[in-house]
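What follows is a single structure, written as structure tokens, with notes after it.
There are 2 protein chains.
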Amino acid sequence: MAYAEALTALADPTRRAVFEALRSGPRTVGEIAAGLPVSRPAVSQHLRVLEGAQLVSARQHGTRRIYRVDRAGLAILRGYLDSFWSDVLEAFRAEAEAQARAASEPAPKPSRARRAAPKRTRRTR
Amino acid sequence: MAYAEALTALADPTRRAVFEALRSGPRTVGEIAAGLPVSRPAVSQHLRVLEGAQLVSARQHGTRRIYRVDRAGLAILRGYLDSFWSDVLEAFRAEAEAQARAASEPAPKPSRARRAAPKRTRRTR
DNA sequence: TACTTACGTAATTCATGGCTTACGCAGAAG
DNA sequence: CTTCTGCGTAAGCCATGAATTACGTAAGTA
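Same order as they appear, the protein sequences are chains C and H. Per numbering that gives the first Met the number 0, the very first residue in the first sequence carries number 0; after that it's consecutive. Per numbering that gives the first Met the number 0, the very first residue in the second sequence carries number 0; after that it's consecutive.
This is the structure:
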């Protein structure tokens, strides 16, 4: 379920901008903040979230922290989307096949019986 | 920039659950809501957001609306991550090469001059 | 025609979280 | 040792948005 953190992290536009700032290579916090319309502490907070999602990692170099993209979070996210993608393709295939099978059958009654009505449970909260 | 909407849409856990409910095939709004701890209107609102992100699409069938995964949004998202991934790999390669070049040089002075200090602009908002 | 089903939409409430300022701390520099 | 730089953290404010209830509507059904 690690992809959840990555998706949450990348949902915010500013945080995505922080992430994109590291796209072309490592940067310090100050460098990242200098290119964005938010304060440096805001960038620090975003970097913490990104780090928690394994999307970035940091190394201390003197008094400055150098952040870089961590491929782990990206790999997790790509893996999730890939599995979803293949599942969807499989579902499409199965659906098309079922439809083709139904078209070649005599249809027991022309009545509009689409689908067995699922058991309905009361939903309140 | 369409990937932004997709990321925003998939950031919410409930909305992700709605999306996942369509992973194995088309479903009606009521069916989706029956499997989730939220009300049916909530599911409707989530589906609207997902539709705006091109992650799902709907077809009317009598009185019910059948939602299914739209591959467009997924493709956009995967494309964004893929391009980011390759950029990151390229940045890593360039960095490793620069580091290897620096290691084989005489190093003009053992002083700790790491990097040219970037122009500092006041940042407040 | 009246009733029921399966929705979408509007209005409202309330929690999440993003941003700021203020502060503290480690490391380099003098 | 003192000063400055670069950064993380805390507290507080405020906007965004997720959920609910109430309502309206179109399409099947009796």
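We treat Cβ as the ideally placed atom computed from N, Cα and C, and that holds for glycine.
Contiguous alpha helix (DSSP H) assignments of at least 4 residues, all confined to the region 64-89 of chain H = If we require 4 residues or more, the region 64-89 of chain H turns out to have no alpha helix (DSSP H) run fully inside it.
ask   = When you check each C-beta in the region 3-14 of chain H against every C-beta of chain C, which residues fall closer than 9 Å?
value = Ala-3, Leu-6, Thr-7, Ala-8, Leu-9, Ala-10, Asp-11, Pro-12
inquiry  = Taking DSSP's pairing of strands, which residues face Ser-56(C) in a bridge?
reply    = Arg-67(C)
ask   = Does the distance from the CB of Phe-83(C) to the CB of Leu-49(C) come in under 7 Å?
value = no
Proximal residues to Gly-29(C) (C-beta, below 7 Å), its chain only, five neighbours per side dropped = Closer than 7 Å at the Cβ level, and outside the excluded window around Gly-29(C), lie Arg-39.
task = Assign Arg-92(C) to one of three DSSP states: helix, strand, or coil.
result = helix
query = Which residues bound the alpha helix (DSSP H) around Pro-12(H)?
reply = 12-20
task = Below 8 Å CB to CB, which residues in the same chain sit around Ser-43(C) once its five sequence neighbours on both sides are set aside?
result = Val-28
ask   = By Cβ distance, which residues of its chain are closer than 8 Å to Arg-15(C), with the 5 residues on each side in sequence left out?
value = Answer for Arg-15(C): Leu-9, listed in chain order.
request  = Would you mind sorting His-45(C) into buried or exposed? The rule is 16 or more other CB atoms within 10 Å of its CB.
outcome  = buried
message = Check this for me: beta carbons of Gln-98(C) and Gly-72(C), under 7 Å apart or not?
response = no
task = Mind listing the chain C neighbours of Ser-23(H)? Cutoff is C-beta to C-beta under 8 Å, in chain order.
result = Asp-86, Ala-90
message = On the CB-based measure, 16 or more other CB atoms within 10 Å of its CB, does Ala-95(H) come out buried or exposed?
response = exposed
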